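Here's the structure, in structure tokens; my notes come after.
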Amino acid sequence: MKKIFLLSALLIVFTSCATTQYMNIADDKGSRDWGPLEINKTVETMTGSLYAFLKESKNPAYLELKKIKNRTSEHIDTQMIGNMLTTNLIKKRIPFVDRSKRKEAIEEMQIGQSGLIDEATAIPMGNLKSPNFILEGDVSDNLRSVSGSRIQYLVVTLKLTELSSGQIIWQEQTEFLKKSTENKLTW
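Its first residue numbered 30, the sequence shown is counted upward by one per residue in our numbering.
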């Protein structure tokens, strides 16, 4: 009984001594797995390229982001890429349309039209925007082994399709070539 108590006490002491350390994202040197280095380089490249392209356009752009597909052999949170990309573009005044909120908006407009809501705060009809561009893409990879090292070639591709014509009017890629070696224990 004393041994169980002692082991439990030691377990509590050692597990409660865990610490968390925050690091600077800019200092990340990369790793075998997809991480902050790849995410930030991708978002920075794509934001800059797409923003420059849209600023040259004569017509206002209303973008809708579709899912960025993960076609790699590892887990990649592509929603994080999409969220960071839209955040950066919205900060640069590039508007996005979220069609998933239309039903709620229409319901609120209908309530406003019914006379149940103060006219001064009722949402007016006819102001919803349709996206004129779809932004979508994927992350792909190619893996191979060379002399005991894992070589991974990653390509992130985003494209902007004009809905009125179906044309892909902008496309950009970010590439990463990663070499990883596993430390093998020898006796």
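We put the CB at the ideal spot given by N, CA and C, even for glycine. Treat the numbers as computed from the prediction; the structure is a model and nothing was measured.
**Nearest-angstrom Cβ-Cβ length linking Ile-97 and Val-168, presumed shorter than 8 angstroms** = 7 angstroms
**Asked** Distance, Cα to Cα, Met-113 vs Trp-63?
**Response** 16 angstroms
**Item:** Rounded C-alpha distance that separates Tyr-80 from Leu-118
**Value:** Between the alpha carbons of Tyr-80 and Leu-118 lies a gap of roughly 7 angstroms.
**Item:** Buried versus exposed, by CB contacts within 10 Å (16 or more), Val-175
**Value:** Val-175 comes out exposed.
**Item:** Alpha carbon of Gly-141 to alpha carbon of Ile-135, nearest angstrom
**Value:** 10 angstroms
**Request:** Would you kindly report the start and end of the unbroken alpha helix (DSSP H) that includes Phe-82?
**Result:** 65–85 is the span of the alpha helix (DSSP H), which, as asked, contains Phe-82.
**Message:** So the candidates are Thr-150, Glu-137 and Lys-130; which of them puts its Cα closest to the Cα of Lys-158?
**Reply:** Lys-130
**Prompt:** Who are the near neighbours of Lys-95 in its chain, counting only those whose CB is closer than 6 angstroms to its CB and skipping five residues on each side?
**Reply:** Ile-163 and Glu-165
**Prompt:** For Lys-208, which three-state DSSP category applies?
**Reply:** strand
**Request:** Taking the CB atoms as reference points, tell me whether Glu-204 and Val-184 lie closer together than 8 angstroms.
**Result:** yes
**Item:** When Thr-101, Glu-73 and Glu-191 are compared against Arg-173, the one with the closest alpha-carbon
**Value:** Thr-101
**Prompt:** Rounded to a whole number of angstroms, what is the C-alpha to C-alpha distance between Ser-178 and Lys-208?
**Reply:** 6 angstroms
**Message:** Is it buried or exposed, Ala-90, if we count other Cβ atoms within 10 angstroms and call 16 or more buried?
**Reply:** buried
**Asked** Which residues bound the alpha helix (DSSP H) around Gly-141?
**Response** 131–142
**Prompt:** Does DSSP classify Thr-186 as helix, strand or coil?
**Reply:** strand
**Asked** Helix, strand or coil: how does DSSP classify Leu-172 here?
**Response** strand
**Item:** Bridge-paired residues (DSSP) for Arg-100
**Value:** When DSSP reads this structure, Arg-100 sits in a beta bridge with Ser-169.
**Prompt:** Near Tyr-182, which residues of its chain fall below 6 angstroms by C-beta distance, leaving aside the five closest residues on each side in sequence?
**Reply:** In its chain, beyond the 5 residues on either side, Asn-171 and Leu-206 have a beta carbon closer than 6 angstroms to the beta carbon of Tyr-182.
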